[in-house]
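Note sheet for the following structure.
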Amino acid sequence: MTTQTEPTPYTDINALLALFLERMQTILGPKLIGLYVFGSLVTGDFDYESSDIDLVAALAADLDDKELERIRTMHVDSALAHKQWDNRIEVGYLSLESLKKSTAHGKIALISPGEPLHVKESGADWIINRYVLREKGATLYGPAPKTLVEPISKQERLRALQELLQEWRGWITATEHLRSRPYQAFMIVTMCRLLYTFKTAELVSKKQAALWAEQEMPEWSSLIQRALAWRAAWRDEEVDPDATLLETLRFVRFVLDQCENLPQPDG
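In our numbering, the protein residues as written are 5 to 271.
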């Protein structure tokens, strides 16, 4: 059983992660099998001012109603006490059964930016998240992630990305949700990473993919550069999101079309 006290280069983030672990153990006891960091903190290009903290809690069984309410209260209290990280935390609470079946959609309790803790069926994005967790996840507590998540092949990852394409087709119709400048930036760099992954079947950070996409798609380079600037200035409310929304949506649709028409790599 591993407990890592310095999982990141950031003292305050390490203290926050230790607090999460302590409170989860108090609430869940032996039901908490492991707690892991994934996302940009382990894949690279974490931006202290704008990136999210991504975690997976591995559980012996799904949260019951009482546990769900206590975990929800824990997150509300944490947001009040650590305002810098309010709305910048994602934690997926998955049973070992759901976590192991790497390409299946199973029950997940999830808190993420813009969404309070809720229970849902995990989507294709969590197949990709499991892959990142298995290959690059940092253990805060518990056994190594590779002992919990089955290997995920290249073809399985690409099938998950095909599902994500269709999900994005639906998401971009909810234009009011998409209007904010930070979310537009998120969409643009996410599309860059989606295209990179479709072309190479490898995962890199959003920033790395955006820098690659600037060269790959020079006609969109200025928009991609602006998206990187928007991510850095995500607290700036003196902007007109409608001025850039249509171009952002054109870019999203362009990349989705490109991905759908690409031949899939073998393997």
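No residue lacks a Cβ here, since even glycine has one placed at the ideal position from N, Cα and C.
Just mark Ser126 as buried or exposed, buried being the case when its beta carbon has 16 or more other beta carbons within 10 Å. By the neighbour-count rule (16 or more Cβ atoms within 10 Å), Ser126 is buried.
What number of angstroms, rounded off, separates the C-alpha of Glu10 from the C-alpha of Val41? 12 angstroms
8 angstroms is my cut-off, CB to CB: does Thr252 come that close to chain D? Absent from the structure is chain D; it holds one protein chain and no more.
Can you give me the C-alpha to C-alpha distance between Gln229 and Ala217, rounded to a whole angstrom? 10 angstroms
Is the beta carbon of Ile17 within less than 7 angstroms of some heavy atom of the ligand MN? As presented, the structure is devoid of all ligands, the ligand MN included, so that no description of it is given.
What would DSSP say about Phe50, mapped onto helix, strand or coil? coil
Neighbour-count burial assignment, Gln188, 16 or more Cβ in a 10 Å radius: Gln188 counts as buried, since no fewer than 16 other beta carbons sit within 10 angstroms of its beta carbon.
Report back the beta-carbon spacing between Leu198 and Leu249 to the nearest angstrom; my notes put them in contact at under 8 angstroms. Between Leu249 and Leu198 the Cβ distance is about 19 angstroms, and since that is not below 8 angstroms, they are no contact.
With 16 as the cutoff for other CB atoms within 10 Å, does Leu21 come out buried or exposed? Leu21 counts as buried, since no fewer than 16 other beta carbons sit within 10 angstroms of its beta carbon.
Residue nearest to Ala310 in terms of C-alpha spacing, selected from Met191, Lys140, Met195 and His109: Limits of the chain in this structure are 5 at one end and 271 at the other, which puts residue 310 out of reach.
Beta-carbon spacing of Leu103, Val46 below 8 angstroms: no
Contact between the stretch 145–152 and the stretch 19–38 is defined here as three or more beta-carbon pairs at a separation below 8 angstroms; is this criterion met? Counting Cβ pairs under 8 angstroms, three or more are found: they touch.
Pull up the CB-CB distance for Ala65 and Ser99, whole angstroms please, since I reckon it's below 8 angstroms. 5 angstroms
In chain order, each alpha helix (DSSP H) run of at least 4 residues that lies wholly inside the stretch 206–241: 210–220 and 225–236
When you compare the stretch 125–139 with the stretch 78–91, are there three or more beta-carbon pairs, one atom per stretch, that lie closer than 8 angstroms? no
For Ser184 and Trp175, I'd like the C-alpha separation in whole angstroms. 14 angstroms
Cα separation between Leu32 and Arg76? 13 angstroms
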